[in-house]
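Colleague: So in full-length UniProt numbering, spot 285 of the sequence shown is number 285, and the numbers just go up one at a time.
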Amino acid sequence: MTVETLSFEQTVPRTLAHRRCLGEVFVADTTALGPAEFLAAIQIPRAHSHWSDRIAAYHDPLAAVEAIRQAMTVIGHRYLRVPLGTPMSLQRMETDVEDHSALREDGSAPLEGIVRIHAPQTGGTGGYFADNTFTASLTIGAALAMVVRGSGIAFPREAYEQFRRHQQQTRPADPDAEIAARGPVQPARIGRRNPRNVVVGRPDTRQGSALVLPLVVDQRHPSFFDHTYDHLPGPLILEGFRQAAVLAACEIGALATPVAAVAAIHATFTGFAELNVDADFVATVLPDGGGGAVVELDLSQFGTTIATCTVELAPYPPD
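1) Work out the CA separation of LEU213 and VAL198 for me, nearest whole Å.
2) Just verifying my parser: in three-state terms, what is the DSSP assignment at GLY183?
3) Between ALA188 and ALA261, which are expected to be in contact by the criterion C-beta below 8 Å, what is the C-beta distance as a whole number of angstroms?
4) Give the secondary structure of ALA77 by DSSP, where H, G and I count as helix, E and B as strand, and everything else as coil.
5) Beta-carbon within less than 7 Å of ASP60's beta-carbon, same chain only, minus the 5 sequence neighbours each way: which residues are those?
6) Can you tell me which of GLN162, SER101, GLN169 puts its alpha carbon nearest to the alpha carbon of LEU144?
7) Quick one: give me the first and last residue of the beta strand (DSSP E) that VAL25 is part of.
8) Between which two residues does the alpha helix (DSSP H) carrying GLN243 extend?
9) Could you tell me the distance, in whole angstroms, from the CA atom of ALA109 to the CA atom of ALA256?
10) Give a yes or no on contact between the segment 289-297 and the segment 214-230, applying the rule of three or more CB pairs nearer than 8 Å.
11) If residue 341 sits next to VAL65, beta carbons under 8 Å apart, how far is it from one beta carbon to the other, in whole angstroms?
12) Once you ignore the five residues that flank ASP176 on each side, which residues in its own chain have a CB closer than 8 Å to its CB?
13) Within its chain, find whatever has a CB closer than 7 Å to the CB of GLU37; leave out the 5 residues flanking it on each side and keep chain order.
14) Compare the C-alpha of ILE190 against each of GLY183, ARG242, GLU24, ARG20 and name the closest.
15) Looking at the secondary structure, which residues open and close the beta strand (DSSP E) in which ALA145 lies?
16) Go ahead and pull the three-state DSSP assignment for GLU98.
17) At the level of alpha carbons, what is the spacing between ALA154 and GLN91?
18) Using CA atoms only, rank isn't needed, just tell me which of ARG164, THR284, MET93 is closest to residue 320.
19) Answer yes if the segment 263-272 comes into contact with the segment 296-312, meaning at least three C-beta pairs across the two stretches below 8 Å, and no otherwise.
20) If VAL115 and LEU80 are in contact, beta carbons under 8 Å, what's the gap, nearest whole angstrom?
21) Am I right that ARG157 and THR86 are in contact with their C-beta atoms under 8 Å? What's the rounded C-beta distance?
22) Mapping DSSP to helix, strand and coil, what is VAL12?
23) Measuring CA to CA, which of SER89, THR135, VAL285 is closest to GLN207?
24) Can the beta-carbon of PHE8 be found less than 8 Å from the beta-carbon of ALA67?
25) Can you tell me which of PHE272, GLU251, PHE163 puts its alpha carbon nearest to the alpha carbon of LEU232?
26) Can you tell which of GLU105, HIS48, THR73, LEU238 has the C-alpha that lies nearest to the C-alpha of LEU62?
27) Residues in its own chain within less than 7 Å of ASP288 by CB, not counting five upstream and five downstream?
28) Please return the same chain residues whose Cβ sits closer than 7 Å to the Cβ of THR95, not counting the five positions on each side in sequence.
29) To the nearest angstrom, how far is the alpha carbon of TYR316 from that of ARG165?
30) Tell me whether PRO258 is buried or exposed, calling it buried when 16 or more other Cβ atoms sit within 10 Å of its Cβ.
31) Could you round the C-beta distance between VAL185 and VAL200 to whole angstroms and report it? I think they count as a contact, below 8 Å.
32) If ALA283 sits next to ALA254, beta carbons under 8 Å apart, how far is it from one beta carbon to the other, in whole angstroms?
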């Protein structure tokens, strides 16, 4: 099978993508070109409740990141001997948008493209406990739209459950406690229309020159909580980083509008975040002088940083 023969006729089985709802599966087809080279056909539904909630006439690059994350999961199961149901943890993710014009929306076509994935196996058994690296490039039509690089770990189920029990027992808060009520900002402040898709609250405190913004968690959100988790899911945290960056950059005047393009987002995850415990972003904004900004962020819980991220924001290209 080659790029020309990959099919967009239907999605892969939902269990391969670790999704509960059929509408949350974005991988249509995959093939192996060799032991470390793979292709995946991806498509984001035009009417998706989260990824279609945007103001600019551009497809969301983080929607493509989610599709690539699913493609990596499918490839692990289909070609790399990772058993179904295996817990997986993203450790590092670097996304660079190479061509914003490739993400331009024409009003009728979904975000659809071919992902080429290089994923050499670096150790472990069937990918277990190995810090497996990958590079994924998304082509839309003939254009290279974006490149995603990262690494992650697959856990044997028993080892994962044992690790999480130990982690929760040694943390200073009750994992079953109710999280404090934290209201989201108005969706227009982060370039959204639907309040349900807002995951950050207003910046009401500072740490020196940095703004502190609460992460707002709605465990009924149909996309971020497509199925049951025992921790905050990675896609929610990534979206929180993006929204916190936009909100903070607008607060200090580095961005003239929250309708801003993500040029790059580089994140590192150093621990699992608990569901029912407050988590906060600390954002430091560095204006770039060209109408955009570089925002450095930490996500903290229990007074400890559990993820860091740098988000590069820029105005969309002129029409």
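Idealized CB from N, CA, C, for every residue including glycine.
The structure displayed is predicted, hence computed values, not measured ones.
Modeller: On the basis of the supplied data:
1) 12 Å
2) coil
3) So it is not a contact: roughly 17 Å between Cβ atoms.
4) For the sequence presented, residue 77 should be read as His rather than Ala. Correct three-state label for HIS77: helix.
5) TRP51, ARG54
6) SER101
7) It is not in any beta strand (DSSP E) - VAL25 carries neither H nor E in the DSSP assignment.
8) 234-251
9) 29 Å
10) no
11) There is no way to answer for residue 341, as the model of the chain reaches only from 1 to 319.
12) Low local confidence applies: a pLDDT of 49 at ASP176 is under 50, so the model's placement there is unreliable, with the coordinate-based value given in what follows. ASN276, listed in sequence order.
13) HIS118
14) ARG242
15) 143-154
16) coil
17) 11 Å
18) In the structure as shown, the chain starts at 1 and stops at 319, and residue 320 therefore has no counterpart that could be examined.
19) yes
20) Actually they do not touch by this definition, with Cβ atoms about 16 Å apart.
21) 7 Å
22) coil
23) VAL285
24) no
25) PHE272
26) LEU238
27) VAL294
28) PRO61, VAL65, MET146, VAL148, ALA264, ILE265
29) 45 Å
30) buried
31) 6 Å
32) In fact, because the Cβ distance is near 11 Å, the residues do not count as touching under 8 Å.
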